[in-house]
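Q: Residue numbers (numbering that gives the first Met the number 0): 0 to 590.
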Amino acid sequence: MSKKMDKKYLIGFGVIWVVLMASAFYFCTLKQGFHEDEFYTYYSTARTNGFYVEDGKWMEQETYRNEFVVLPGERFQYGLVKQVQSWDVHPPMYYWVFHTVASLVPGVFSKWIGLSVNLFFHGINLILLTYLSYLVSGRDVKMAYLVTLVFGLSPASMSGVVFIRMYEMLTTFVLLCAVLHIRAVQRPKGETEWEEDLSFAKLLVLMAVVTYVGFLTQYYYFIFLFYMALAFCVYLLWRDRNLYSCLWYGFSQAVAFILAYLTYPSCLGQMFRGQRGAQATENFFDISNTFERVWFFLDLMNSYVFGYLFFVILIVVVSLAVRVRRRGGVTAKEGVKQDGLRFGITFWMLLFAAAGYFLTVSKTALLLGETSNRYQLPVYGIVVFLLLFGCRTLWRQAVALINVKPIIKADKKPGILYRLCPSAVKVLLFIFELIGDLWGWIFTLAIKQKKYMEKLALLFCAAAVVMAYLRVDVVFLYPRAREEVALAREQAAEDIPVVYVYKPGEEWCVWAVADVLMEYDRVYFVSAESEDVITEPAIANADALVAYLPLYDDVKDEEAQNMRIAASCGASEAELQYLYKYCGSWCLTVP
0 MSKKMDKKYL IGFGVIWVVL MASAFYFCTL KQGFHEDEFY TYYSTARTNG FYVEDGKWME
60 QETYRNEFVV LPGERFQYGL VKQVQSWDVH PPMYYWVFHT VASLVPGVFS KWIGLSVNLF
120 FHGINLILLT YLSYLVSGRD VKMAYLVTLV FGLSPASMSG VVFIRMYEML TTFVLLCAVL
180 HIRAVQRPKG ETEWEEDLSF AKLLVLMAVV TYVGFLTQYY YFIFLFYMAL AFCVYLLWRD
240 RNLYSCLWYG FSQAVAFILA YLTYPSCLGQ MFRGQRGAQA TENFFDISNT FERVWFFLDL
300 MNSYVFGYLF FVILIVVVSL AVRVRRRGGV TAKEGVKQDG LRFGITFWML LFAAAGYFLT
360 VSKTALLLGE TSNRYQLPVY GIVVFLLLFG CRTLWRQAVA LINVKPIIKA DKKPGILYRL
420 CPSAVKVLLF IFELIGDLWG WIFTLAIKQK KYMEKLALLF CAAAVVMAYL RVDVVFLYPR
480 AREEVALARE QAAEDIPVVY VYKPGEEWCV WAVADVLMEY DRVYFVSAES EDVITEPAIA
540 NADALVAYLP LYDDVKDEEA QNMRIAASCG ASEAELQYLY KYCGSWCLTV P
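What follows is the structure, encoded as structure tokens:
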């Protein structure tokens, strides 16, 4: 590529990057509320004394708020952050980064603390995804741009940016892992013809560093690494015909994991013995839930990434593959001098790693509706590339073979794999063959109207993005929270007392509505274990009262708590203001 063309493409990518980052920033401005896990991000990185909720005691606004902000005397306390995480189920790297940013603005609670971290890593992710697509596609700049645009504009991508957790950072290290392994495969053995060539030893060091940081960011990194490492080692064994490269690679990765364990000894217990680790293991080995779980995550990806066109693209890819296979030949990309193995193996490695990650996470992750998108976020961009590049490559091969007659031997029998296939699979293959045959006239049109077919492909990708936004919304924005906070602020200005009734053993739920509770001067906490009236004078003598009551499976329990609060202040009317995940807010008035 000439320097002039190189500069042109860099400017083009710069424009795309700015547009995508501006779109991400726009959705960040729309974020009004928080998921309970996002509140935990603030709490676990800025914890002062811990939430020690006492039955029948007031908690002042400052005491409550201090648990979510880094105080001036508590800045850069990485040991405390690590200790708090050891009580939970996650490694500390993301929380260290978050704590660093929060320490730069002590005493401040703002969504922009977490969003700034996400925007930073999202910007890196767009660069890495473009570069990864560029490498694996045989240095096709247009394909790399298209992949980045389709994924970068999708609701799934925007949902990842506005969710203040570690998944954008995890995506960074998953993509880095993929890039480094692809570079190691594409590195010419014994050659120095590439300007950006890295020695194998340097690549091993970089891989170890990425593994160390990625593993301490989120344990799901290990899943992607496992499948990528397996494919990489198979390739090394095939290429070198010895174990030396594999042993050096395994040694470097082992050093990374040992250092990670020494940094955070709680990691093994959290992965295999903790609550989430045990739950994930049970789900993984439960064969009965496989179809339900995989379909659940496929449906999420179909709607939030591909605008309900995923299966359409998949059918196109499979039917093209069947047609190319039947026509009996493949062609190299025009104008590119490439080793078919060198560029072909990287595609299959990436496919193996992404599919392995997707299926394993589908088996182990929590099923939490649309919010479960976060678990598959690291490979969404890779899946977009695999489908678009696979479709484009097979299309070109099929067009090139349009006038090639397949060689069929009269005495040739079906292969053993075909003979062993169930009848249903054979019928399905026959259907795909018919679909492949229908491409014939389309290929003829494609040869005559090549520029229009390219525009049609672009329109199809644009339609996928548009249809996604027409059918689903960006998750984690919580627009209603603006009204909730405004109402709480208004009630606080009127000095209306606030009572929060919590279930014993679920005191942690009090941070699920933290943005609302922080608006009140103080909150009175009482346990739901008792149904006795509250005798606190400020509540008993109030003309109006705001009560946050826990949600129950049995409506009788909920009614009992309503009657308890009403009897405490003599209220005759109760109006439900908002329903939250763990509680409902009521406004009680005294006649």
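Don't be surprised by glycine CBs; every beta carbon is placed ideally from N, CA and C.
#1: Between the stretch 214-222 and the stretch 164-173, do three or more beta carbon pairs fall short of 8 Å?
#2: Do W585 and A559 count as a contact pair if the criterion is CB distance below 8 Å?
#3: Can L242 and V323 be called in contact, C-beta distance under 8 Å?
#4: Between R164, P503, E518 and A200, which lies nearest to E493 when the distance is taken from Cα to Cα?
#5: Does the Cβ of F271 have 16 or more other Cβ atoms within 10 Å, making it buried, or fewer, making it exposed?
#6: With a threshold of 6 Å on Cβ separation, who are the neighbours of V140 within its own chain once the five nearest residues in sequence on each side are excluded?
#7: To the nearest angstrom, report how far apart L587 and P503 are at their CA atoms.
#8: Let me confirm a value: I314 is counted as buried when at least 16 other C-beta atoms fall within 10 Å, else exposed. Which label applies?
#9: Just the C-alpha distance for G67 and K6, rounded to the nearest angstrom, thanks.
#10: Per DSSP, T588 forms a beta bridge with which residues?
#11: So what does DSSP say about S526, is it helix, strand or coil?
#12: Starting from the N-terminal side, write out each stretch of the beta strand (DSSP E) that is 3 residues or longer and does not extend beyond the stretch 35-110.
#13: Does the distance from the CB of Y303 to the CB of S153 come in under 8 Å?
#14: Please classify L242: does DSSP put it in a helix, a strand, or coil?
#15: Provide the residue(s) that pair with Y211 in DSSP beta bridges, ordered along the chain.
#16: Determine, using beta carbons only, whether M227 and M348 come nearer to each other than 8 Å.
#17: Please report the distance separating the alpha-carbon of P90 from that of C266.
#18: Since I believe M165 is in contact with T216 (beta carbons under 8 Å), could you give me their beta-carbon distance rounded to a whole number of angstroms?
#19: So, E37 versus G159, is the Cβ gap smaller than 8 Å?
#20: In chain order, what residues of the same chain have a beta carbon less than 6 Å from the beta carbon of S571, not counting five sequence neighbours either side?
#21: Starting from Y499 and walking both ways along the alpha helix (DSSP H), at which residues does that stretch end?
#22: So what's P478 in DSSP terms, helix, strand or just coil?
#23: Which full runs of the alpha helix (DSSP H) of 4+ residues lie inside the stretch 241-298, going along the chain?
#24: Three or more beta-carbon pairs under 8 Å between the stretch 101-110 and the stretch 350-362, yes or no?
#25: Is D614 buried or exposed, if buried means 16 or more other CB atoms sit within 10 Å of its CB?
#26: With C-beta atoms as the reference, is F310 less than 8 Å away from N301?
#27: Can you give the Cα-Cα distance for W57 and V378, rounded to whole angstroms?
#28: Secondary structure at L308, three-state DSSP: helix, strand or coil?
#29: Out of F305, N372, C568 and A573, state which residue places its alpha-carbon closest to the alpha-carbon of R470.
#30: Spell out the partners DSSP gives G32 in its beta bridges.
#31: List the whole-angstrom C-beta distance separating L118 from F24, where the pair is believed to meet the contact cut-off of C-beta under 8 Å.
#32: Please classify E574: is it buried, with 16 or more other beta-carbons within 10 angstroms of its beta-carbon, or exposed?
#33: Return the Cβ separation of Y477 and G32 in integer angstroms, given the expectation that the two are a contact with Cβ distance under 8 Å.
#34: Could you have a look at L366 and say whether DSSP puts it in helix, strand or coil?
#35: Helix, strand or coil: how does DSSP classify D5 here?
#36: Please report the Cβ distance between L387 and V212, rounded to the nearest whole angstrom; I am assuming they are in contact, meaning their Cβ atoms lie under 8 Å.
A: Short version:
#1: Touching, yes.
#2: What you label residue 559 is simply residue 560 of the sequence shown in a count that begins at 1. What you label residue 585 is simply residue 586 of the sequence shown in a count that begins at 1. Not closer than 8 Å, so no.
#3: Taking the sequence shown and counting its residues from 1, the one referred to as residue 242 is at position 243. Taking the sequence shown and counting its residues from 1, the one referred to as residue 323 is at position 324. It is not a contact, given that the beta carbons lie outside the stated cut-off.
#4: As a first step, residue 493 is located in the sequence shown; it is residue number 494 there, counting from the start. When only C-alpha atoms are compared, the closest one is E518.
#5: As a working mapping, residue 271 is identified with position 272 in the sequence shown. Taking all protein chains in view, the Cβ of F271 is surrounded by fewer than 16 other Cβ atoms within 10 Å, so the residue is classified as exposed.
#6: Along the sequence shown, read from residue 1 onward, the residue named residue 140 stands at position 141. Within the same chain, V140 has close Cβ partners Y8.
#7: For this step, residue 587 is matched to residue 588 along the sequence shown. For this step, residue 503 is matched to residue 504 along the sequence shown. Distance between the alpha carbons of L587 and P503 is about 24 Å.
#8: For the purposes of this step, residue 314 is taken as residue 315 along the sequence shown, with counting starting at 1. With fewer than 16 other beta carbons inside 10 angstroms of its own, I314 counts as exposed.
#9: Counting from 1 along the sequence shown, the entry for residue 67 is found at position 68. Counting from 1 along the sequence shown, the entry for residue 6 is found at position 7. Going by the sequence as given, residue 67 is Phe instead of Gly. Near 46 Å, if we compare the C-alpha coordinates of K6 and F67.
#10: Here the question's residue 588 lines up with position 589 in the sequence shown. Looking at the DSSP assignment, T588 forms a beta bridge with A543 and E572.
#11: For the purposes of this step, residue 526 is taken as residue 527 along the sequence shown, with counting starting at 1. Strand at S526.
#12: Segments of the beta strand (DSSP E) lying fully in the stretch 35-110: 56-59.
#13: In the sequence shown, the residue the question calls residue 303 occupies position 304. In the sequence shown, the residue the question calls residue 153 occupies position 154. It is a contact, given that the beta carbons lie within the stated cut-off.
#14: The residue labelled residue 242 in the question sits at position 243 within the sequence shown. Taken through DSSP and simplified to helix, strand or coil, L242 comes out as coil.
#15: The residue given as residue 211 occupies position 212 in the sequence shown. DSSP lists no partner for Y211.
#16: Reading the sequence shown from its first residue, position 228 is the one you call residue 227. Reading the sequence shown from its first residue, position 349 is the one you call residue 348. With contacts defined as CB atoms closer than 8 Å, M227 and M348 qualify as a contacting pair.
#17: In the sequence shown, residue 90 corresponds to position 91, counting from 1. In the sequence shown, residue 266 corresponds to position 267, counting from 1. Rounded to whole angstroms, P90 to C266 spans 7 Å at the Cα level.
#18: Working through the sequence shown from its first residue, we reach residue 216 at position 217. Working through the sequence shown from its first residue, we reach residue 165 at position 166. The C-beta distance from T216 to M165 rounds to 6 Å, short enough to meet the 8 Å contact threshold.
#19: By 1-based counting over the sequence shown, the position of residue 37 is 38. By 1-based counting over the sequence shown, the position of residue 159 is 160. It is not a contact, given that the beta carbons lie outside the stated cut-off.
#20: Taking the sequence shown and counting its residues from 1, one reaches residue 571 at position 572. The beta carbon of S571 is closer than 6 Å to those of P590 in its chain, skipping five residues each way along the sequence.
#21: Against the sequence shown, residue 499 aligns to sequence position 500. In the DSSP assignment, Y499 falls outside any alpha helix (DSSP H) and lies within the beta strand (DSSP E) extending over V497 to Y501.
#22: Here residue 478 corresponds to residue number 479 of the sequence shown, with the count starting at 1. Per DSSP, reduced to three states, the secondary structure at P478 is coil, with no helix or strand assignment.
#23: DSSP assignment within the stretch 241-298 yields the following whole alpha helix (DSSP H) runs of 4 residues or more, N-terminal first: 243-262, 266-271 and 274-284.
#24: With a cut-off of 8 Å, the stretch 350-362 and the stretch 101-110 do not count as touching, because too few Cβ pairs lie within range.
#25: Past the boundaries of the shown model lies residue 614; the chain is included only from 0 to 590, so the question cannot be answered.
#26: As a first step, residue 310 is located in the sequence shown; it is residue number 311 there, counting from the start. As a first step, residue 301 is located in the sequence shown; it is residue number 302 there, counting from the start. Yes; because the gap between Cβ atoms is below 8 Å, this pair is in contact.
#27: The count along the sequence shown starts at 1 and reaches residue 57 at position 58. The count along the sequence shown starts at 1 and reaches residue 378 at position 379. Here the C-alpha atom of W57 lies approximately 47 Å from the C-alpha atom of V378.
#28: Counted from its first residue, the sequence shown places residue 308 at position 309. DSSP places L308 in coil when its eight states are reduced to three.
#29: Along the sequence shown, one-based indexing puts residue 470 at 471. Nearest C-alpha to R470: F305.
#30: Locating residue 32 in the sequence shown gives position 33, where the first residue counts as 1. In the DSSP secondary-structure assignment, G32 is not bridged to any residue.
#31: Within the sequence shown, the letter at position 119 stands for residue 118. Within the sequence shown, the letter at position 25 stands for residue 24. A Cβ-Cβ distance of about 7 Å is found for the pair L118 and F24, placing them in contact under the 8 Å criterion.
#32: Here residue 574 refers to the residue found at position 575 when the sequence shown is read from its first residue. Result: exposed.
#33: Position 478 of the sequence shown, counting from 1, holds the residue named residue 477. Position 33 of the sequence shown, counting from 1, holds the residue named residue 32. 3 Å between Cβ atoms; contact.
#34: The residue given as residue 366 occupies position 367 in the sequence shown. Residue state, collapsed to three classes: coil.
#35: Your numbering for residue 5 matches position 6 in the sequence shown. Helix at D5.
#36: Working through the sequence shown from its first residue, we reach residue 387 at position 388. Working through the sequence shown from its first residue, we reach residue 212 at position 213. The C-beta distance from L387 to V212 rounds to 29 Å, too long to fall under 8 Å, and the pair is not in contact.
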